[in-house]
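See structure below.
Following this line, the structure appears as structure tokens:
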């Protein structure tokens with residue numbers, strides 16, 4: 002018997018394990034379906050490019066996307082301690098202040114406004130550059146600036162300014178808009194995942210147990226209360242029930258958390274019956290409200306050796322490895338997407354609705370036709386999609402893959418804004434400042450100009466930004482899954498704490514917001530007074 006069972010050692014789960022076990026009187030068990038974060042590529046910043054191809058992931062795909070010519074998207078979701086923070090591109094962005102104020106004012110989530118959540122972002126942060134109203138430097142999570150930027154990054158900044166997009170030294174500070182370097186979840190040229198930051202320093206705590214390679218098949222509910230979980234710790238072995246004295250906390254991510262709830266009979270009753278699961282608690286919002294960022298990109302051929310493509314050659318790879326081992330610099334120390342920015346597709350938007358990532362290679366994740374010279378990629382993503390998708394069960398078998406349907410572009414507005422974002426990316430790449438570096442556009446290619454042609458291109462080539470949220474959202478209405486204090490509606494002793502509870506996707510990458518949810522969730526679970534709302538000079542307006 003343990004006090005708290007946490008299901009899923011992703012970013013929020015690692016935070017919870019740390020914070021709940023700070024009190025030696027609390028016993029905590031953290032369960033992870035994946036393995037330990039032993040793979041060396043996990044800890045090398047550039048290693049993430051290999052992670053999206055299946056290392057330490059579940060190997061899932063979406064259902065055919067009916068608004069994108071039935072395209073099936075590879076949908077990488079982490080299966081390893083640290084979750085997405087162990088395999089992502091380490092970009093540390095929090096979103097816009099207005100995102101969280103909308104949670105509070107439009108979704109009715111008291112305590113989740115920007116001034117309320119900023120202290121939790123700061124509590125998590127060990128920032129190597131900033132210690133001010135917006136940043137903390139005493140937390141566990143290493144956050145730093147890029148170590149080895151390339152000259153093409155500075156040219157990209159000038160290109161943005163030629164278009165009227167200002168340079169921004171801190172996207173998480175007083176303003177979000179502009180172009181600049183991203184801060185990264187790195188420390189000493191190594192990835193600072195939630196596992197490294199929150200779990201590694203406390204693994205000797207006697208009141209914390211971490212078990213890997215354990216598949217949780219269902220939450221056990223008796224008389225309206227979650228009393229534990231059913232697990233299989235080795236393939237082919239019989240199930241076993243682990244009991245929780247106080248609470249079961251589901252922290253398996255925006256895909257895994259609704260999947261586990263539905264396997265347990267908690268979710269839309271009609272759907273559960275249709276796949277052979279006996280309903281335990283009819284909760285129609287489970288698995289609904291899925292949101293994600295869709296990525297459209299421009300790939301250009303460079304005029305010379307301006308990016309990291311040539312490091313794929315054996316002798317250059319060997320040199321890069323030596324550079325990293327001896328100097329902690331070079332391409333291995335790069336996240337490869339450490340430059341970007343935020344701007345507007347919709348000129349009437351109150352805050353930026355497009356995010357750019359400058360990739361220092363040609364199709365780092367997606368792959369592209371072989372170029373004569375190295376290439377460069379500029380990704381664009383529409384940040385506030387109106388489309389909503391679902392996560393559903395394929396069958397009653399917990400080993401079956403879920404049916405993931407982001408439902409991209411079901412709202413035509415998302416398609417229009419995404420294509421405008423792609424056009425912005427193309428325009429940046431054509432600016433005078435980049436002419437010494439960029440020879441020609443390869444994708445989409447100059448022949449494709451109309452919206453219909455770019456739509457066809459997007460259907461063939463776009464990819465997910467791996468930012469799913471919302472499938473167990475907080476709220477007060479009948480479709481809400483958890484309350485603002487993360488309690489599952491209708492069942493005692495059960496909470497959800499991860500990206501799935503976010504009612505709307507933040508206007509950014511989602512790792513930092515998920516860690517914030519874990520930090521704030523820990524205080525809610527322990528019944529602590531919330532951190533005092535942030536007070537700072539000036540207005541965070543954008």
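In my numbering, the protein residues as written are 2 to 543. Glycine included, C-beta positions come from ideal geometry on N, C-alpha and C.
Original post:
Any idea what DSSP makes of residue 498, helix, strand or coil?
Top reply: coil
**OP:** Return helix, strand or coil for residue 179, following the three-state DSSP convention.
**Re:** strand
Subject >> Cβ-based burial, residue 540 [other Cβ within 10 Å; buried from 16] >> reply: Low local confidence applies: a pLDDT of 49 at residue 540 is under 50, so the model's placement there is unreliable, with the coordinate-based value given in what follows. So residue 540 ends up on the exposed side.
**OP:** Count the other C-beta atoms from every protein chain shown that fall within 10 angstroms of the C-beta of residue 475, then say buried if there are 16 or more, exposed otherwise.
**Re:** buried
Original post:
beta strand (DSSP E) containing residue 303: first to last residue?
Top reply: 295-303
Original post:
Buried or exposed: residue 526, going by 16 or more other Cβ atoms within 10 Å of its Cβ?
Top reply: buried
Subject >> As assigned by DSSP and simplified to three states, the class of residue 158 >> reply: helix
Subject >> Nearest residue (CA-CA) to residue 203, options 484, 22 and 82 >> reply: 22
Original post:
Ordered along the chain, which non-local residues of its own chain (more than five positions away) have a Cβ less than 6 Å from that of residue 74?
Top reply: 63 and 465
**OP:** Below 6 Å CB to CB, which residues in the same chain sit around residue 160 once its five sequence neighbours on both sides are set aside?
**Re:** 429, 432, 434 and 435
**OP:** Taking residue 404 as the reference, give the member of 50, 498 and 256 with the closest Cα.
**Re:** 256
Original post:
Tell me, which residues are paired with residue 76 by DSSP?
Top reply: 61
Original post:
Any contact of the segment 174-189 with the segment 373-389, i.e. 3+ C-beta pairs under 8 Å?
Top reply: no
Original post:
Expressed to the nearest angstrom, what Euclidean distance is found between the alpha-carbon atoms of residue 487 and residue 523?
Top reply: 10 Å
Original post:
Whole alpha helix (DSSP H) runs in the segment 237-309 with 4 or more residues, listed along the chain?
Top reply: 254-264 and 270-275
**OP:** Inspect the beta-carbon positions of residue 37 and residue 59 and report whether they are closer than 8 Å.
**Re:** no
Subject >> CA-to-CA distance, residue 137 to residue 163, given in whole angstroms >> reply: 33 Å
Original post:
Is it true that the segment 38-47 meets the segment 190-205, where meeting means three or more beta-carbon pairs spaced less than 8 Å apart?
Top reply: yes
**OP:** Report the rounded CA-to-CA distance for residue 477 versus residue 183, giving the unit in angstroms.
**Re:** 35 Å
**OP:** Could you check how far apart the C-beta atoms of residue 151 and residue 304 are, in whole angstroms? I think they sit under 8 Å.
**Re:** Residue 151 to residue 304, Cβ: 14 Å. No contact.
**OP:** Whole angstroms is fine: what's the gap from residue 331's alpha carbon to residue 189's?
**Re:** 13 Å
Original post:
Mapping DSSP to helix, strand and coil, what is residue 512?
Top reply: helix
Original post:
In the structure shown, what three-state DSSP assignment does residue 163 receive?
Top reply: helix
Original post:
residue 95 and residue 351 look like a contact to me (Cβ under 8 Å); what is the Cβ gap, rounded to whole Å?
Top reply: The pair is not a contact, with the Cβ atoms about 17 Å apart (cut-off 8 Å).
**OP:** Would you decide whether residue 89 is buried or exposed? Buried here means 16 or more other CB atoms lie within 10 Å of its CB.
**Re:** buried
**OP:** Report back the beta-carbon spacing between residue 268 and residue 500 to the nearest angstrom; my notes put them in contact at under 8 Å.
**Re:** That belief does not hold up - the Cβ atoms of residue 268 and residue 500 are roughly 18 Å apart, past 8 Å.
Subject >> C-alpha gap between residue 130 and residue 142, whole angstroms >> reply: 13 Å
**OP:** Report all residues from its chain with a CB closer than 7 Å to the CB of residue 56; omit the five preceding and five following residues, and keep chain order.
**Re:** 40 and 42
Original post:
residue 297 to residue 473, Cα distance in whole Å?
Top reply: 27 Å
Subject >> Inter-residue spacing [alpha-carbon to alpha-carbon] between residue 442 and residue 311 >> reply: 19 Å
Original post:
If you count every other CB in all the chains shown that lies within 10 Å of the CB of residue 111, and 16 or more means buried, which is it?
Top reply: exposed
**OP:** Along the beta strand (DSSP E) that carries residue 193, what are the first and last residues, could you check?
**Re:** Neither: residue 193 is in no beta strand (DSSP E) and is coded neither H nor E.
Subject >> The alpha helix (DSSP H) enclosing residue 456, as first and last residue numbers >> reply: 452-462
**OP:** Work out the CA separation of residue 532 and residue 556 for me, nearest whole Å.
**Re:** This structure gives no information on residue 556, because the portion of the chain shown stretches from 2 to 543.
Original post:
Using CA coordinates, which residue listed in 107, 382 and 34 is at the minimum distance from residue 510?
Top reply: 382
Original post:
Starting from residue 223 and walking both ways along the alpha helix (DSSP H), at which residues does that stretch end?
Top reply: First-last for residue 223: 216-223, but that is the beta strand (DSSP E), not the alpha helix (DSSP H).
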